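Residue numbers (mature numbering (1 follows the signal peptide of the UniProt record, and there is no 0)): -29 to -1, 1 to 159.
The beta-carbon is built from N, C-alpha and C at its ideal position, and this holds for glycine as well.
All values derive from a computational prediction rather than experimental measurement.
One structure below.
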């Protein structure tokens, strides 16, 4: 013997399916091939006249790639450093040993990795700005890759030595970006 609930579910399913099929619009792919198509109206066709060539290309708007990219990188750097700093302080101590079981370290690890992931993406985006000189873009890309490396080390609960080494390399890259931005009249 079937339960009354089974019957109601089956009825509702059939009704919903039927209404969906009945409400669906009919699709017409191509018009009937035997239908006469209107011919173009007779008359003169307007001639297309080419514009005269320019003597010189129009002045391009001044590029804002350098200041915009440097500003974006600076914001990414500030964001990453503020959260990683909390993790560094909470995990500082015995050399290569990091106590990831400490609730403060675990919490700072989570926030630090999130900030590094966001900052690495922002830095890579800044480095990919059209018109950005390579002397600025290259250390931005390097910093972004090292930030990704650091978040992986934090994620696999790596030791203090590898954390410190990667953070030092990131500091060198950040300094190189800031110097290159300053040489190009911008601030990171």
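Check whether residue i and residue j have beta carbons under 9 Å apart
| i | j | result |
| --- | --- | --- |
| residue 104 | residue 148 | no |
| residue 128 | residue 60 | no |
| residue 109 | residue 44 | no |
| residue 151 | residue 42 | no |
| residue 107 | residue 146 | no |
Spatial neighbours of residue i in its chain, beta-carbon cut-off 7 Å, leaving aside the 5 residues before and after
| i | result |
| --- | --- |
| residue 88 | 122 |
| residue 144 | 110, 113, 114 and 117 |
| residue 51 | 86, 87, 90 and 118 |
| residue 153 | none |
Candidates the options: closest to residue i by CA position
| i | options | result |
| --- | --- | --- |
| residue 175 | 85, 146 and 131 | Residue 175 lies beyond the residue range present for the chain, which begins at -29 and ends at 159; the question has no answer from this structure. |
| residue 124 | 58, 159, 153 and 47 | 58 |
| residue 126 | 159, 55 and 153 | 55 |
Cβ neighbours of residue i in the same chain (closer than 6 Å, five flanking residues each side left out)
| i | result |
| --- | --- |
| residue 40 | 97, 100 and 103 |
| residue 130 | 67 |
| residue 47 | 90, 93 and 94 |
| residue 159 | 41, 44, 45, 148, 149 and 152 |
Close beta carbons around residue i, own chain, < 8 Å, minus the five adjacent residues each side
| i | result |
| --- | --- |
| residue 69 | 62, 76, 128, 129, 130, 131 and 134 |
| residue 141 | 114, 117, 118 and 121 |
| residue 53 | 86 |
| residue 74 | none |
| residue -12 | In this predicted model, residue -12 has a pLDDT of only 49, less than 50, meaning its place in the structure is not dependable; the value taken from the coordinates is given anyway. Within the same chain, residue -12 has no close Cβ partners at all. |
Quick one: any contact between the region 71 to 82 and the region 133 to 146, if contact means 3 or more CB pairs under 8 Å?
Segments in contact, no.
Tell me, please, whether the region 87 to 100 touches the region 111 to 120 by the rule of three or more beta-carbon pairs shorter than 8 Å.
The region 111 to 120 and the region 87 to 100 touch, with three or more beta-carbon pairs separated by less than 8 Å.
Could you give the uninterrupted runs of the alpha helix (DSSP H) lying entirely in the region 54 to 101, keeping only those of 4 residues or more?
Secondary structure in the region 54 to 101: the alpha helix (DSSP H) runs of 4 residues or longer, each lying completely within the stretch, are 74 to 98 in chain order.
If we require 4 or more residues per run, which alpha helix (DSSP H) segments fall completely within the region 119 to 156?
Taking 4 residues as the shortest admissible run, the region 119 to 156 contains the following complete alpha helix (DSSP H) segments, listed from N- to C-terminal end: 131 to 154.
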